[in-house]
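>
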Amino acid sequence: MLFDQIADKWSMMVLAVLHAGPLRFNAIRRLLEGVTQKALTQCLRRLERNGLVSRRVITTSPVAVEYEITPLGRTLQDPLKALYAWTYAKMPEVEQARQAFDQRNGKG
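Note that numbering that gives the first Met the number 0 has the sequence shown beginning at 0, numbered continuously upward.
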(Lines of atoms letter the chains of each structure in order from A and count residues from 1; the text may use other names and numbers.)
(Lines give C-alpha, C1' and ligand atoms only; values in the text may rest on other atoms or scores of the structure.)
Protein backbone atom coordinates (compact mmCIF):
# COMPACT_ATOMS: atom_id res chain seq x y z
CA MET A 1 0.00 0.00 0.00
CA LEU A 2 1.33 3.44 -0.90
CA PHE A 3 0.32 5.03 2.41
CA ASP A 4 2.44 2.52 4.33
CA GLN A 5 5.45 3.40 2.19
CA ILE A 6 5.00 7.16 2.58
CA ALA A 7 4.14 7.15 6.29
CA ASP A 8 7.08 4.90 7.12
CA LYS A 9 9.44 6.48 9.67
CA TRP A 10 12.46 6.70 7.37
CA SER A 11 10.49 7.81 4.31
CA MET A 12 9.12 10.85 6.09
CA MET A 13 12.55 11.71 7.44
CA VAL A 14 14.24 11.28 4.04
CA LEU A 15 11.70 13.59 2.44
CA ALA A 16 12.29 16.10 5.23
CA VAL A 17 16.08 16.15 4.80
CA LEU A 18 15.78 16.39 1.01
CA HIS A 19 13.49 19.41 1.35
CA ALA A 20 16.41 21.85 1.08
CA GLY A 21 17.82 20.25 -2.06
CA PRO A 22 19.64 17.24 -3.48
CA LEU A 23 21.94 15.20 -1.25
CA ARG A 24 24.29 12.31 -1.67
CA PHE A 25 23.56 8.99 0.00
CA ASN A 26 26.14 9.43 2.77
CA ALA A 27 24.96 12.96 3.53
CA ILE A 28 21.41 11.65 3.97
CA ARG A 29 22.68 8.85 6.17
CA ARG A 30 24.63 11.27 8.39
CA LEU A 31 21.53 13.43 8.85
CA LEU A 32 19.31 10.48 9.80
CA GLU A 33 20.68 9.29 13.10
CA GLY A 34 20.16 5.59 13.59
CA VAL A 35 19.35 4.56 10.02
CA THR A 36 21.28 1.58 8.70
CA GLN A 37 22.72 1.50 5.20
CA LYS A 38 20.32 -1.30 4.28
CA ALA A 39 17.24 0.49 5.64
CA LEU A 40 18.17 3.73 3.87
CA THR A 41 18.85 1.94 0.59
CA GLN A 42 15.47 0.18 0.75
CA CYS A 43 13.70 3.41 1.67
CA LEU A 44 15.27 5.39 -1.17
CA ARG A 45 14.41 2.63 -3.66
CA ARG A 46 10.75 2.64 -2.54
CA LEU A 47 10.58 6.43 -2.80
CA GLU A 48 12.20 6.33 -6.24
CA ARG A 49 9.88 3.56 -7.45
CA ASN A 50 6.86 5.59 -6.31
CA GLY A 51 8.12 8.67 -8.17
CA LEU A 52 8.75 10.72 -5.03
CA VAL A 53 12.55 10.86 -5.26
CA SER A 54 14.88 10.86 -8.24
CA ARG A 55 18.32 9.25 -8.29
CA ARG A 56 21.21 10.66 -10.29
CA VAL A 57 24.60 9.04 -10.74
CA ILE A 58 27.45 11.54 -10.62
CA THR A 59 30.39 10.36 -12.69
CA THR A 60 33.19 11.48 -10.43
CA SER A 61 35.94 9.41 -8.95
CA PRO A 62 34.65 7.63 -6.96
CA VAL A 63 31.19 7.50 -8.49
CA ALA A 64 28.53 9.12 -6.30
CA VAL A 65 24.75 9.01 -6.22
CA GLU A 66 22.58 12.01 -5.48
CA TYR A 67 18.91 12.00 -4.49
CA GLU A 68 16.36 14.76 -4.96
CA ILE A 69 12.65 15.18 -4.30
CA THR A 70 10.61 15.09 -7.51
CA PRO A 71 7.75 17.50 -8.21
CA LEU A 72 5.36 14.71 -7.17
CA GLY A 73 7.30 14.24 -3.93
CA ARG A 74 7.10 17.99 -3.22
CA THR A 75 3.30 17.74 -3.20
CA LEU A 76 3.65 15.73 0.04
CA GLN A 77 5.42 18.52 1.90
CA ASP A 78 2.30 20.36 3.09
CA PRO A 79 0.51 17.19 4.28
CA LEU A 80 3.68 16.04 6.09
CA LYS A 81 4.07 19.46 7.73
CA ALA A 82 0.45 19.26 8.86
CA LEU A 83 1.03 15.79 10.29
CA TYR A 84 4.13 17.00 12.12
CA ALA A 85 2.23 20.01 13.53
CA TRP A 86 -0.61 17.73 14.68
CA THR A 87 1.86 15.36 16.33
CA TYR A 88 3.62 18.21 18.12
CA ALA A 89 0.34 19.80 19.27
CA LYS A 90 -1.28 16.54 20.40
CA MET A 91 1.72 14.88 22.04
CA PRO A 92 0.64 15.85 25.60
CA GLU A 93 -2.74 14.19 25.01
CA VAL A 94 -1.07 11.12 23.55
CA GLU A 95 1.25 10.90 26.56
CA GLN A 96 -1.76 11.11 28.90
CA ALA A 97 -3.50 8.33 26.99
CA ARG A 98 -0.37 6.18 27.14
CA GLN A 99 0.00 6.69 30.89
CA ALA A 100 -3.67 5.87 31.48
CA PHE A 101 -3.36 2.74 29.35
CA ASP A 102 -0.21 1.63 31.17
CA GLN A 103 -1.84 2.17 34.57
CA ARG A 104 -4.92 0.17 33.54
CA ASN A 105 -2.72 -2.64 32.26
CA GLY A 106 -0.26 -2.81 35.16
CA LYS A 107 2.69 -1.23 33.38
CA GLY A 108 4.77 1.66 34.62
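Each residue gets a CB set at the ideal place from its N, CA and C atoms; glycine is no exception.
Keep in mind that this is a model prediction, so the values were computed, not measured.
1) Going by alpha carbons, who is nearest to Glu67 out of Met0, Asp3 and Ser10?
2) Among the candidates Thr69, Val34, Leu30 and Asn49, whose CA atom is the shortest distance from the CA of Phe2?
3) I think Leu51 touches Gly72, with their Cβ atoms under 8 Å apart; what is that distance to the nearest whole Å?
4) At what residues does the alpha helix (DSSP H) containing Val93 begin and finish?
5) Is there contact here, the region 52–64 with the region 81–97, by at least three beta-carbon pairs under 8 Å?
6) Mark Ile27 as exposed unless 16 or more other C-beta atoms lie within 10 angstroms of its C-beta, in which case mark it buried.
7) Return the CA-CA distance between Pro78 and Leu46, expressed in angstroms with no decimal places.
8) Nearest by alpha-carbon distance to Gln41: which of Met0, Ala96, Gln4 and Gln102 is it?
9) Assuming contact is defined by CB atoms lying nearer than 8 Å, are Glu123 and Arg29 in contact in what I supplied?
10) Is it buried or exposed for Val93, if we count other Cβ within 10 angstroms and need 16 for buried?
With the given structure in hand:
1) Ser10
2) The candidate whose alpha carbon is nearest that of Phe2 is Asn49.
3) Contact between Leu51 and Gly72 is confirmed by a C-beta separation of about 4 Å, below the 8 Å threshold.
4) Gln76 to Arg103
5) no
6) buried
7) 16 Å
8) Distances from the alpha-carbon of Gln41 to those of Met0, Ala96, Gln4 and Gln102 put Gln4 closest.
9) Because the chain in this structure spans residues 0 to 107, residue 123 falls outside the shown range and cannot be described.
10) Classification of Val93: exposed, given that the 10 Å Cβ count is below 16.
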